[in-house]
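Chemist:
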Amino acid sequence: MATRIRSSSKRCAVVGGSGFLGRHLVEKLVEKGYSVSVFDIRQSYELPGVTFHQGDLCNKQDLLVALRDVSLVFHCASPAPSSDDQALFQRVNVEGTRTVIQACQEAGVQKLVLTSSASVVFEGTDIKNGEEDLPYAKKPIDYYTQTKIQQEKLVLQACNKEKGFLTVAIRPHGIFGPRDPQLVPILVDTARRGKMKFIIGDGSNLVDFTFVENVVHGHVLAAEYLKPDSPLCGKAYHITNDEPIRFWDFMSRVLVGLGYDAPRYHLPYSLVYGLALLLWLLTLLLRPLITIKPTFTPMRVALAGTHHYYSCARAKHDMGYKPLVSLHEAIAQTVASYPDLRRGA
Ligand SMILES: NC(=O)C1=CN([C@@H]2O[C@H](COP(=O)(O)OP(=O)(O)OC[C@H]3O[C@@H](n4cnc5c(N)ncnc54)[C@H](O)[C@@H]3O)[C@@H](O)[C@H]2O)C=CC1
Ligand SMILES: CC(C)CCC[C@@H](C)[C@H]1CC[C@H]2C3=C(CC[C@]12C)[C@@]1(C)CCC(=O)C[C@@H]1CC3
């Protein structure tokens, strides 16, 4: 490891800071008096007090410039799960994370907080109140998750108290909130195309949806509690709203809030999963000729039709985590933030 440069504990960098979660995190850090550098392949906004560095996290030289004099790094960059590009996930989430770790060590960064995912233990079957010590999925639901597992292992294994390099992983689940490019837009698009009429399964499956501000709060707490003598070193933490909700109730509340009808008709889970699998195989076969982007992928069907909610008791115990915004309030704020997605808009 290279010679350490003394850096202020209030200087931090957010890798992936132009993204949905990253930008919310940057805004909170600025509010809390941190001086923030954003490192991302794109710049999506400007904010006083924030320095932007555009580059690919697979390039160590680019990273080193952004990490100069920084003591704390948040790594929340990833290709979008929907990209379904195996080589890209491997390059960015695995090789790129290795590069982020090396760059942090060379730049004398003391703390690295990774945004992992609760899905690293999910294999498409029920998880009820899952704790962090569940084994990693042997058959992850997609390439994205497969590389999130490898990424988390790399970051946690890099924790080294003797060398003064501390790491921790935050595992959120189903992040939503203002400016989210995934969950609400995909849901509304599906509704607008008349495909949100069906409930997959009996509709009783409980899932965690986590408001982005609570996810940010978990990251900030993790950074502040990560010290050589703290239990956080080299560990993973679930961060959720701590209010599991029926998947289809959540979808209905968002849809109805935006003026659409709630799904009503039930379809058997195994039928929909089987059809999604067939469609996925078909898209693979046809890929050289045409690109099809199915709405109901096997991954989405599994996420929509099974129980998967996680305990955040460890985060409560080790870093005093408590969600700041209730699910009720979070849904209201989210719905109000999308006037353009309202029915008829
Ligand atoms: N959205 C969700 O429901 C969940 C997300 N996560 C994790 O949270 C993190 C943030 O996710 P979101 O904010 O939703 O995604 P996002 O797609 O909005 O943000 C990711 C950012 O990473 C940047 N990025 C991608 N490849 C890069 C590269 N090679 N070099 C530099 N920057 C690069 C993108 O430009 C983007 O700004 C990700 O690590 C994701 O795996 C975990 C659980 C749930
Ligand atoms: C078309 C509908 C049946 C459902 C639309 C909603 C979905 C787009 C979302 C419901 C659960 C979400 C989720 C993720 C992405 C968006 C959903 C599938 C993740 C896969 C994002 C990345 C992660 O790390 C895990 C998330 C789990 C929940």
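The sequence shown begins at 1 in full-length UniProt numbering and counts up one residue at a time. In this text, a Cβ means the ideal position worked out from N, Cα and C, and glycines have one as well. Source: prediction; values computed, not measured.
Within the continuous beta strand (DSSP E) that includes D318, where are the two ends?
Modeler: Segment A313 to M319 is the alpha helix (DSSP H) holding D318; no beta strand (DSSP E) there.
Chemist: Which same chain residues, not among the five before or five after R68, have their C-beta less than 7 Å away from its C-beta?
Modeler: The residues are A107.
Chemist: Alpha carbon to alpha carbon, what distance is there between K197 and A118?
Modeler: For A118 and K197, the distance between alpha carbons rounds to 28 Å.
Chemist: Excluding the five sequence neighbours on either side, which residues of its own chain have a C-beta within less than 7 Å of the C-beta of K161, listed in chain order?
Modeler: So the list reads P228 and C233, once near-sequence residues are dropped.
Chemist: Can you name the start and end residues of the alpha helix (DSSP H) that P135 belongs to?
Modeler: Element bounds for P135: n/a, residue is neither H nor E.
Chemist: Measuring alpha carbon to alpha carbon, tell me which residue in I290, T297 and S270 is nearest L279.
Modeler: For the residues I290, T297 and S270, the minimum Cα distance to L279 belongs to T297.
Chemist: Got a sec, what are the start and stop residues for the alpha helix (DSSP H) K153 sits in?
Modeler: K153 -> alpha helix (DSSP H) spans Y143 to Q157.
Chemist: Any heavy atom of ligand 1 closer than 8 Å to the CB of Y321?
Modeler: Answer for Y321: no, Cβ out of range of ligand 1.
Chemist: Just list the residues that DSSP pairs R171 with in beta bridges.
Modeler: H238.
Chemist: Is R23 helix, strand or coil when you go by DSSP?
Modeler: Correct three-state label for R23: helix.
Chemist: CB-CB under 6 Å to D84, same chain, minus the five flanking residues each way: which ones, in chain order?
Modeler: Cβ neighbours of D84 beyond the five flanking positions: none.
Chemist: Given that a residue counts as buried once 16 or more other Cβ atoms are within 10 Å of its Cβ, and exposed if not, what is H24?
Modeler: That one is buried.
Chemist: Under a three-way DSSP split, which group does G17 fall into?
Modeler: DSSP places G17 in coil when its eight states are reduced to three.
Chemist: Check the C-beta distance from L303 over to N214 and give it rounded, since I have them as a contact under 8 Å.
Modeler: Not a contact, Cβ separation roughly 19 Å.
Chemist: In this structure, how does DSSP classify D40 when only helix, strand and coil are distinguished?
Modeler: Of the three classes helix, strand and coil, the one that applies to D40 here is strand, per DSSP.
Chemist: In the DSSP assignment, what are the bridge partners of R246?
Modeler: Note: R246 sits in a beta bridge opposite L206.
Chemist: Does the stretch 280-289 come close enough to the stretch 256-268 to have 3 or more Cβ pairs within less than 8 Å?
Modeler: Output reads no: the stretch 256-268 does not touch the stretch 280-289.
Chemist: Please list the terminal residues of the continuous beta strand (DSSP E) segment that includes H328.
Modeler: Taken as a continuous stretch (DSSP letters only), H328 belongs to no beta strand (DSSP E), being part of the alpha helix (DSSP H) at L327 to A336.
Chemist: Could you say which of F209, I41 and V73 lies nearest to M251 if we only look at CA atoms?
Modeler: Among F209, I41 and V73, the Cα nearest to that of M251 belongs to F209.
Chemist: Report, in whole angstroms, the separation of the C-beta atoms of Q182 and T97, which I expect to be a contact under 8 Å.
Modeler: Wrong, their Cβ atoms sit about 21 Å apart, outside the cutoff.
Chemist: Please list, in chain order, all residues of the same chain as A2 whose beta carbon is under 6 Å from its beta carbon, the five residues on each side excluded.
Modeler: At A2, the pLDDT of 37 sits below 50, so the modelled position is not reliable; the number obtained from the coordinates is stated separately. Excluding residues within five positions, the ones whose Cβ falls inside 6 Å are E106.
Chemist: For the alpha helix (DSSP H) containing K60, list its first residue and its last residue.
Modeler: That run of the alpha helix (DSSP H) goes K60 to A66.
Chemist: Select from T295, N59, H217 and A236 the residue whose C-alpha is nearest the C-alpha of E27.
Modeler: Nearest C-alpha to E27: H217.
Chemist: Let me check understanding here. Comparing Cα to Cα, which of T190, L187 and K10 lies closest to L72?
Modeler: Out of T190, L187 and K10, K10 has the C-alpha closest to the C-alpha of L72.
Chemist: Between Q86 and the rest of its own chain, which residues show a CB-CB distance below 8 Å, the 5 nearest in sequence each way excluded?
Modeler: The residues are Y143.
Chemist: Near H75, which residues of its chain fall below 6 Å by C-beta distance, leaving aside the five closest residues on each side in sequence?
Modeler: Closer than 6 Å at Cβ, skipping near neighbours: V15, V100 and L114.
Chemist: Please classify E132: is it buried, with 16 or more other beta-carbons within 10 angstroms of its beta-carbon, or exposed?
Modeler: Classification for E132: buried.
Chemist: Whose CB is closer than 6 Å to a heavy atom of ligand 2? List the residues in chain order.
Modeler: Answer in sequence order: P81, S117, S119, H173, G174, Q182, L183, I186, L187, T190, T295, R300, L303 and A304.
Chemist: Look up I292 in the DSSP assignment and say whether it is helix, strand or coil.
Modeler: I292: coil per DSSP, three-state reduction.
Chemist: With C-beta atoms as the reference, is P244 less than 9 Å away from V212?
Modeler: Not closer than 9 Å, so no.
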